[in-house]
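Remember, the working numbering sits 5 above the position in the sequence shown when you count from 1.
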Amino acid sequence: MASRTVLKLLLWYAIPLDLLRVEYFFIKSYRPKRYLYIKPLIHKNTHKLNNIDLIGSSAKVAVGVLLLLSLFLLTVQTKNKLANRLFSLFLLLIAFDLTGFFIYHWVSDYPHLSALKRASSLLQMPLFYLYVLSMCYYNFRLRWVHLWHASLFGAFFIALIPRFYLLDTSAQVAFLNDRQTTEMLIFSILGELQYYVYIALTIIALRKFKRVYLENYATEFYAFYRWLWQMIIVFLVAHLFALSKSIIQYGTDTQAIIWANMVVSLIATGVSCWFVLKALYQPALFRGIDAQLEVVNDLGVNPSPEPKLDSTQQEQINTLQQLMQTQEPFLDPTLNIQQLANLMDMPPKELSQLINVHMEQNFFNLVNSYRVEKAQEILRDPNKQAVTVLEILYEVGFNSKSSFNTAFKKHAGTTPTQYRKTHLKSYE
Numbered sequence: 006m007a008s009r010t011v012l013k014l015l016l017w018y019a020i021p022l023d024l025l026r027v028e029y030f031f032i033k034s035y036r037p038k039r040y041l042y043i044k045p046l047i048h049k050n051t052h053k054l055n056n057i058d059l060i061g062s063s064a065k066v067a068v069g070v071l072l073l074l075s076l077f078l079l080t081v082q083t084k085n086k087l088a089n090r091l092f093s094l095f096l097l098l099i100a101f102d103l104t105g106f107f108i109y110h111w112v113s114d115y116p117h118l119s120a121l122k123r124a125s126s127l128l129q130m131p132l133f134y135l136y137v138l139s140m141c142y143y144n145f146r147l148r149w150v151h152l153w154h155a156s157l158f159g160a161f162f163i164a165l166i167p168r169f170y171l172l173d174t175s176a177q178v179a180f181l182n183d184r185q186t187t188e189m190l191i192f193s194i195l196g197e198l199q200y201y202v203y204i205a206l207t208i209i210a211l212r213k214f215k216r217v218y219l220e221n222y223a224t225e226f227y228a229f230y231r232w233l234w235q236m237i238i239v240f241l242v243a244h245l246f247a248l249s250k251s252i253i254q255y256g257t258d259t260q261a262i263i264w265a266n267m268v269v270s271l272i273a274t275g276v277s278c279w280f281v282l283k284a285l286y287q288p289a290l291f292r293g294i295d296a297q298l299e300v301v302n303d304l305g306v307n308p309s310p311e312p313k314l315d316s317t318q319q320e321q322i323n324t325l326q327q328l329m330q331t332q333e334p335f336l337d338p339t340l341n342i343q344q345l346a347n348l349m350d351m352p353p354k355e356l357s358q359l360i361n362v363h364m365e366q367n368f369f370n371l372v373n374s375y376r377v378e379k380a381q382e383i384l385r386d387p388n389k390q391a392v393t394v395l396e397i398l399y400e401v402g403f404n405s406k407s408s409f410n411t412a413f414k415k416h417a418g419t420t421p422t423q424y425r426k427t428h429l430k431s432y433e
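This is the structure:
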């Protein structure tokens, strides 16, 4: 009798209600001497319980990490405060969404809050898109027109007024638990479409940013650019798992639903930790450009396959080449199109068109070609054999070894070390 009481207490405090009903049925159906038949079932449900605990625990870790990172982004001293605030709000919305893994009683206790949690997912991708814009362009500012990004979020609440907000609490709970309602199906479909639309908009924005950057700046930007692309890829992969989980939840296989939720919660934890590691190990990833700059092709210039030079343009090219060889402005690692245009005494847009259309290269490659030529000159000098490659790359205007090696191999066809060995052999 005592053993039965202990078993009941253990089941009551250790196993969720839906599993407890099954256990209690077997306890009432069999005599104590036949408890052997109960053990396999207890073991099986304990395994389910462990999986459910893992889902909740991993989601709690993810939420905690996201909250700490959001607090850090809001309090850290930085020039680009808008980007930090947008990313912090984006992370907070993800954390709010992840609470559904361990605060599942919200649906019955706080149906309004549960509806808000579901609707908040419609703000995640718009915030991420605005965050990317604020990262790419240092003078990006939020304007009233950007409120249209929240239009789907607002439409969701308007659509729920007659079918949700005008109902009593029990009817609201029933509405949220029913995945087959017209509103929930439309919400799911529009949410998926919105996700991929904003992924496409973000990719377009990044491609434009790259073109503008290469036409106007000469500093290395690939770490920052790679970071944004990595986030897009990670979000796409994570979303595919979340989409699979949502599809599985429409079925009746409890074990599959548990495993799907566990995988998604673990992925959320991994992505959250990845954000923190990026913030710790690469705090200087972010660099923006002027939002007023445009791609040359967007300025109304339609270059022909073989652009013709008039006497004025040829003279400007000669002046530019002479300036680069005599004054060597490329030695400045922060050189941009505006500074070079000031030296040329011509408008930046006109200089950008001259380089891109008539010299058939962008500003980034033009400047790096002169830097590589200067590095080649030093590497060929037998009197400068003691100068290391690292010292040379900083001397000629590069700010990282990776960008120097990439540019050198592109323009010289070999690595700096191999180039030095090859050309110094003739002096031996």
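Every residue, glycine too, gets a C-beta built ideally from N, C-alpha and C.
Fair warning: this is a prediction, and the values are worked out from it, not measured in the lab.
Neighbour-count burial assignment, Arg39, 16 or more Cβ in a 10 Å radius:
In this predicted model, Arg39 has a pLDDT of only 37, less than 50, meaning its place in the structure is not dependable enough to derive any value.
Within 8 angstroms, do at least three Cβ pairs link the segment 199-219 to the segment 135-152?
Counting C-beta pairs with one atom in each stretch, the segment 135-152 and the segment 199-219 have three or more that are closer than 8 angstroms, which means they touch.
Alpha-carbon to alpha-carbon, Gln326 and Tyr375:
The alpha-carbon atoms of Tyr375 and Gln326 are separated by roughly 10 angstroms.
Please report the distance separating the alpha-carbon of Ala385 from that of Glu396.
Reading the sequence as shown, one finds Arg at residue 385 and not Ala. Answer to the nearest angstrom: the Cα atoms are 15 angstroms apart.
Can you give me the Cβ contacts of Gln129 inside the same chain, cut-off strictly under 8 angstroms, excluding the 5 residues immediately before and after it?
The beta carbon of Gln129 is closer than 8 angstroms to those of Phe95, Leu98, Ile99, Asp102 in its chain, skipping five residues each way along the sequence.
Residue closest to Leu71, alpha-carbon to alpha-carbon, out of Ser277, Leu359, Leu59:
Closest by alpha carbon: Ser277.
Buried or exposed by the 16-neighbour rule on C-beta atoms within 10 Å, applied to Tyr170:
Exposed: under 16 other Cβ atoms inside 10 Å.
Does DSSP classify Tyr222 as helix, strand or coil?
Three-state DSSP puts Tyr222 in a strand.
For the alpha helix (DSSP H) that Gly159 lies in, which residues bound it at each end?
First-last of the alpha helix (DSSP H) with Gly159: 156-165.
Between the beta-carbon of Leu91 and the beta-carbon of Leu152, is there less than 8 angstroms?
Contact check for Leu91 against Leu152 fails: the beta carbons are separated by 8 angstroms or more.
Nearer than 7 angstroms: is that true of the beta carbon of Phe229 relative to any heavy atom of the ligand SAH?
Ligands displayed in this structure: none; no statement on the ligand SAH is therefore possible.
How many angstroms separate the CA atom of Leu78 from the CA atom of Asn388?
Each residue's CA atom was taken as its position, placing Leu78 and Asn388 some 50 angstroms apart.
Is Asn182 helix, strand or coil when you go by DSSP?
Helix, per DSSP.
Name the two residues that bound the continuous alpha helix (DSSP H) containing Leu121.
That run of the alpha helix (DSSP H) goes 116-141.
For my contact list, Ile204 and Leu241 are in at a C-beta cut-off of 8 angstroms; report their separation, rounded to the angstrom.
With a Cβ gap of about 7 angstroms, Ile204 and Leu241 count as contacting.
Quick one: grab the DSSP three-state call for Asn373.
Helix, per DSSP.
DSSP state of Asn347, grouped into three classes?
Of the three classes helix, strand and coil, the one that applies to Asn347 here is helix, per DSSP.
Proximity to Gly69 [Cα-Cα], best of Thr324, Thr274, Val150, Thr411
Ranking the options by Cα distance to Gly69, first place goes to Thr274.
Between which two residues does the alpha helix (DSSP H) holding His428 run?
Residue range 421-429 is occupied by the alpha helix (DSSP H) that includes His428.
7 angstroms Cβ shell around Phe246 - same chain, five flanking residues per side excluded:
Cβ neighbours of Phe246 beyond the five flanking positions: Val268, Val269, Ile272.
Which residues in the same chain have their Cβ closer than 8 angstroms to the Cβ of Arg168, if we skip the five residues on either side of it in sequence?
Answer for Arg168: Phe180, Thr186, Glu188, listed in chain order.
By the 10 Å Cβ neighbour count, where 16 or more other Cβ atoms means buried, how is Leu76 classified, buried or exposed?
Exposed.
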